[in-house]
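Chemist: FYI, the numbering for the sequence shown is 5 to 227, going by this note's numbering. Submitted below is the structure of interest, expressed as structure tokens.
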Amino acid sequence: MPTLFIYGLNFIFGTIIGSHLLVIVQRFGQENFISEKSHCDSCKIPLTLLNQIPIFSFIRYKGHCFFCKAPIPIEALYCELLGGIAFLPLNPYLDQSSYLFITFIFLISIFDYFDHSFPISLLFPLICIIVLTRAFLNYELIEWGLIFAIILIFLIMNLKNKFGYGDTIIFVILIFYYDFYTAQYIFLLASILLLINHIVGDKRNTYPFVPFIFLSLIFYNFL
């Protein structure tokens, strides 16, 4: 199958996933996001298939509902674009588990973006992916020492409310899905992006960290 065709399918698939993940977050604990039809949050009118085409429908209707003309949050477009970009470099022949891994990290990052927290249950699929696909015990003794030392530092930061427990767990998950050094690289890049955002944005705000981890993960997958 031509590489360009795979890229195209990945992007389309990613935009659909991004769109649906946002719906899950918006309806979580309030509506059934599996059986209920997609609808406008303002007028509640069910959306047609044309209204649900990722990116295209947002641009076509200029970010407004086709029926009631209520504005659609810009986050809808961001999630669709990020989903497409995140899935773009993945290889369905070499590592199918990456699709699931990216999906759940993306879902956690959306929860963290809106709520500054995420359901702990979302960690279990990630743990299952690691157990089933990764030989995570192939570390040398010195590497295990470094891993525990950094986790200990993070836990101390957790106790001082300088770092979230969820962020620490995500770091551990990255270590075992990729490797210790890759996880460090992703966290370093995420920290740089967070620092830039803090400098450019409102310094009085507190920013969730997992979305920056997800952005760094996207960048890493393109390398």
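Even for Gly, the Cβ is constructed at its ideal location relative to N, Cα and C. All figures in this text were calculated on a predicted structure; none of them were measured in a lab.
Evaluate Phe218 with the Cβ neighbour count: other Cβ atoms within 10 Å of its Cβ, from every protein chain shown; 16 or more gives buried, anything less gives exposed.
Modeler: On the sequence shown, position 214 is the one that residue 218 refers to. With 16 or more Cβ atoms within 10 Å of its Cβ, Phe218 is classed as buried.
Chemist: Alpha carbon to alpha carbon, how far is Gly87 from Leu150?
Modeler: Reading the sequence shown from its first residue, position 83 is the one you call residue 87. Reading the sequence shown from its first residue, position 146 is the one you call residue 150. So the alpha carbons of these two residues sit roughly 33 Å apart.
Chemist: Expressed to the nearest angstrom, what Euclidean distance is found between the alpha-carbon atoms of Ser195 and Phe216?
Modeler: On the sequence shown, residue 195 is found 191 positions in, with the first residue counted as 1. On the sequence shown, residue 216 is found 212 positions in, with the first residue counted as 1. Going from the Cα of Ser195 to the Cα of Phe216 covers about 8 Å.
Chemist: Please look up how many angstroms separate the CB atoms of Phe62 and Ile76, rounded, as I've assumed it's under 8 Å.
Modeler: As a position in the sequence shown, residue 62 is number 58, starting the count at 1. As a position in the sequence shown, residue 76 is number 72, starting the count at 1. Between Ile76 and Phe62 the Cβ distance is about 6 Å, and since that is below 8 Å, they are a contact.
Chemist: How would you call Leu54, buried or exposed, if buried means at least 16 neighbouring beta carbons within 10 angstroms?
Modeler: Position 50 of the sequence shown holds residue 54. With fewer than 16 other Cβ atoms within 10 Å, it is exposed.
Chemist: So, is Glu144 buried or exposed, given that buried needs 16 or more other C-beta atoms within 10 angstroms?
Modeler: As a working mapping, residue 144 is identified with position 140 in the sequence shown. Exposed is the call here.
Chemist: Is it a yes or a no for the segment 91-99 touching the segment 12-21, going by three-plus beta-carbon pairs under 8 Å?
Modeler: The segment 91-99 is in contact with the segment 12-21.
Chemist: Count the other CB atoms, across all protein chains shown, that sit within 10 Å of the CB of Glu84; report buried if there are 16 or more and exposed otherwise.
Modeler: Start at 1 with the first residue of the sequence shown, and residue 84 comes out as number 80. So Glu84 ends up on the buried side.
Chemist: What's the C-alpha gap between Leu159 and Glu147?
Modeler: Working through the sequence shown from its first residue, we reach residue 159 at position 155. Working through the sequence shown from its first residue, we reach residue 147 at position 143. Going from the Cα of Leu159 to the Cα of Glu147 covers about 18 Å.
Chemist: Per DSSP, which residues does His68 bridge with? Please list them.
Modeler: Numbered from 1 along the sequence shown, position 64 holds the residue referred to as residue 68. Answer is Pro75.
Chemist: Rounded to a whole number of angstroms, what is the C-alpha to C-alpha distance between Ile309 and Ser42?
Modeler: Examination of residue 309 is not possible in this model, given that the chain is present from 5 through 227 alone.
Chemist: Are there 16 or more other CB atoms within 10 angstroms of the CB of Tyr235, so buried, or fewer, so exposed?
Modeler: Since the displayed the chain opens at 5 and closes at 227, residue 235 lies outside it and no answer follows.
Chemist: Report the CB separation of Phe115 from Pro123 in whole angstroms; it is logged as a contact under 8 Å.
Modeler: The residue you call residue 115 lines up with position 111 of the sequence shown. The residue you call residue 123 lines up with position 119 of the sequence shown. About 7 Å separates the two Cβ atoms, so the contact holds.
Chemist: Return the chain-ordered list of same chain residues with a C-beta closer than 8 Å to the C-beta of Leu126, the five sequence neighbours on each side being excluded.
Modeler: Walking along the sequence shown from the start, residue 126 turns up at place 122. So the qualifying residues of the chain are Phe108, Leu111, Ile112 and Phe115.
Chemist: Identify every residue that forms a DSSP beta bridge with Pro215.
Modeler: Here the question's residue 215 lines up with position 211 in the sequence shown. Pro215 is not bridged to any residue.
Chemist: Of all the options Leu199, Phe180, Phe71 and Leu81, which has the alpha carbon lying nearest to the alpha carbon of Ile57?
Modeler: Within the sequence shown, the letter at position 53 stands for residue 57. Taking only the C-alpha atoms, the option nearest Ile57 is Leu81.
Chemist: Can you round the beta-carbon distance between Ile134 and Ile177 to whole angstroms, since I take them to be within the 8 Å contact cut?
Modeler: Within the sequence shown, the letter at position 130 stands for residue 134. Within the sequence shown, the letter at position 173 stands for residue 177. The pair is a contact, with the Cβ atoms about 7 Å apart (cut-off 8 Å).
Chemist: Under the rule that 16 or more other beta-carbon atoms within 10 Å means buried, what is Phe175, buried or exposed?
Modeler: Walking along the sequence shown from the start, residue 175 turns up at place 171. So Phe175 ends up on the buried side.
Chemist: How big is the Cα-Cα spacing for Leu130 and Asn225?
Modeler: Here the question's residue 130 lines up with position 126 in the sequence shown. Here the question's residue 225 lines up with position 221 in the sequence shown. Answer to the nearest angstrom: the Cα atoms are 17 Å apart.
Chemist: What's the C-alpha gap between Arg64 and Glu79?
Modeler: Within the sequence shown, the letter at position 60 stands for residue 64. Within the sequence shown, the letter at position 75 stands for residue 79. Looking at the two C-alpha atoms, the distance is approximately 16 Å.
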